[in-house]
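Since the structure comes first, as structure tokens, the remarks are kept for the end.
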Amino acid sequence: MIPPFFFYGNSSLKTFMNLSPFSVSCQWRQLLTLTFAHAVADTYVGIIAPVLVPLHDRTGASLPLLIFVASMLGFSSNVFQIPIGNMRATWTHPVPICFGVLLAGAAVLIPCMPAGPHSVAWMSLVAGVAGFGVAIVHPEGLRAVHGLDKIPSSLSTAVFMVAGFLGYAGGALISSTLTEHFGLVSLRWLYAVAPVAATLLFLSGLRLPVETPKEKSALEHKENIPSIPFWPLFIMAAILATCSLIQATLLPTYLHKEVGYSLSFSGFSFTLFGLGGMVGAITWGALAPRIGHLRVLLGATLIGAPLTAAYLVLAPHARSAAALLAFTGFIVYTGFPLCITLARYAASSLRFGQRMGLISGGTWAIAAMVLWILGPLSEHTGMGPLLHLIWIGYLVAAALAVWLIRQRSRATGNPT
């Protein structure tokens, strides 16, 4: 069989591929390859936060400084997305995404740093470099997803975004389990997955589209995606990203250090949230065109708030509360991928790449800066009280969703 990437450059063959029933399955293979690369890149971001206590024991650095290192990895992997979203609007080859995955793997060097007076500085530098690699993957990857026009965009975006979060959450289980059994230096072997993901993506034949207003309008009409103001949507996405980052960074350490659960169970608890979020985001992403994107967003945040509060009350007393965390992820995590979908057609003068850079990178950069404040604060309050900011954030996001629904309803009579 001729590989799909041989068809690029021949207009008649490209037309055949667009009309062929095999084009749908071809795009699904490309989406899964792209999704795998995204998951691998985000796994490297997720391996540090769950092992802060062993890293503290090994290096002697304070937990607030190590929280800064973990948040620096998240900050750089997102703030760099903003300028990257402004570049390469007409370059269609996925090589930069491949390079980004390879560079992201540098994060495995952070837990292997020797102890010393400058160890935190070196870890922060490596975090910045690895984060730059992760940053390349996101706006470029979302632009690639946008070109898969045979798959509903709410579904393709959900698959792409939730795989990244699953990789991030899965990193918690992988790093905590490896560290518990083999020590921190065992994490360096995780780099071996990066060249595999980059090679599969390079050979997939995936090409990034050049944005055209005509295509955008057609897809918007077909998929019933409302056009809402971009900046309120950005604020909502930033709140949801902050909630997720607080949970990812503080929850495993809280469960291990303050509650007393094993390191591996603490990482596993957050991974359960990611697994539930993966299933939920794909499920709700597929249903959103029929139910209404804003209605799903409102329901997810409104139900997610009491579920999160209930988990935080039960977690110190019962290990089985982790099952509730998985169900919470199923309900609530779809919120952020839906914000990404809505940002595609948001009312704004910004180009598509600029919107993707801001919504997928700027939001998480804000979340990382919030962690810089919460890290030192945790020494005085403990991490448990700070985790309650998660469900409070969900309620604020729900209020924003209500406002957007009302604004949409007044403007068009259609609240979706």
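Take any residue in the sequence shown, count from 1 to its spot, add 18: that is its number in the working numbering.
Here a beta-carbon is modelled for each residue, glycine too, at the ideal position from N, C-alpha and C.
This structure is a prediction, so every number in the text was calculated from the model and none was measured.
Query, Result
"As assigned by DSSP and simplified to three states, the class of A333", "coil"
"Exposure of V388, with buried meaning 16 or more beta-carbon neighbours within 10 Å", "buried"
"Unbroken alpha helix (DSSP H) run spanning H156, endpoints", "137-164"
"Nearest candidate by alpha-carbon position, reference G379, set A122, V152, R47", "V152"
"Sequence-distant residues of its chain with Cβ nearer than 8 angstroms to V414 (five each side left out)", "I257"
"At least 3 beta-carbon pairs within less than 8 angstroms: the region 267-282 vs the region 393-403", "yes"
"Continuous alpha helix (DSSP H) assignments of at least 4 residues falling wholly in the region 371-409", "381-399, 401-405"
"Between the CA atoms of V69 and G201 - distance to the nearest angstrom", "10 angstroms"
"Candidates W390, P355, A339, A419, of which the one nearest H10 by Cα", "Residue 10 lies beyond the range of the chain shown here (19 to 434); nothing can be said about it."
"Nearest-angstrom Cα separation, counted from A299 out to V177", "8 angstroms"
"Neighbourhood of S284 by C-beta, 6 angstroms cutoff - its chain only, sequence neighbours within 5 removed", "P270, L273, H274"
"Opening and closing residue of the alpha helix (DSSP H) in which Y279 lies", "From DSSP, Y279 is part of no alpha helix (DSSP H); its letter is neither H nor E."
"Inter-residue CB distance, S222 and T51 (contact presumed, cutoff 8 angstroms)", "4 angstroms"
"Closest by C-alpha distance to I246, when choosing among H56, Q45, S142, Q425", "Q425"
"Sequence-distant residues of the same chain with beta carbon closer than 6 angstroms to V147, five excluded per side", "A124"
"A340 to T430 span [Cα, whole Å]", "42 angstroms"
"Span separating the alpha-carbon of K32 from that of A365", "With a pLDDT of 41 at K32, under the threshold of 50, the modelled position of this residue cannot be trusted; read the value that follows with caution. Going by the C-alpha atoms only, they are around 32 angstroms apart."
"Spatially closest choice to V314 from S262, P244, L226, L376, by CA coordinates", "P244"
"Boundaries (first-last residue) of the alpha helix (DSSP H) holding T267", "248-271"
"Check whether G393 and T260 have beta carbons under 8 angstroms apart", "no"
"Buried versus exposed, by CB contacts within 10 Å (16 or more), R308", "exposed"
"Ranges of the alpha helix (DSSP H) found wholly within the region 288-373, counting only runs of at least 4", "311-332, 340-350, 353-362"
"Simplified DSSP assignment, three categories, for T430", "helix"
"Enclosing alpha helix (DSSP H) for M131 [first to last residue]", "Element bounds for M131: n/a, residue is neither H nor E."
"Per-residue DSSP class, three states only, for W79", "Note on identity: in this sequence residue 79 is Ala, with Trp being the wrong assignment. Coil at A79, not helix or strand."
"Cα-Cα separation, I85 to V42", "43 angstroms"
"Assigned secondary structure, G123 (DSSP; H/G/I helix, E/B strand, else coil)", "helix"
"Whole-angstrom C-beta distance between G295 and G371, which should lie under 8 angstroms", "Not quite, the Cβ-Cβ distance comes to about 26 angstroms (not below 8 angstroms), so this is no contact."
"Sequence-distant residues of the same chain with beta carbon closer than 8 angstroms to G159, five excluded per side", "L52, A55, H56, I115, F178"
"Run of the alpha helix (DSSP H) containing L218, from where it starts to where it stops", "211-221"
"G201 in three-state terms, based on DSSP", "coil"
"Nearest candidate by alpha-carbon position, reference I102, set A190, I384, R373, W390", "R373"
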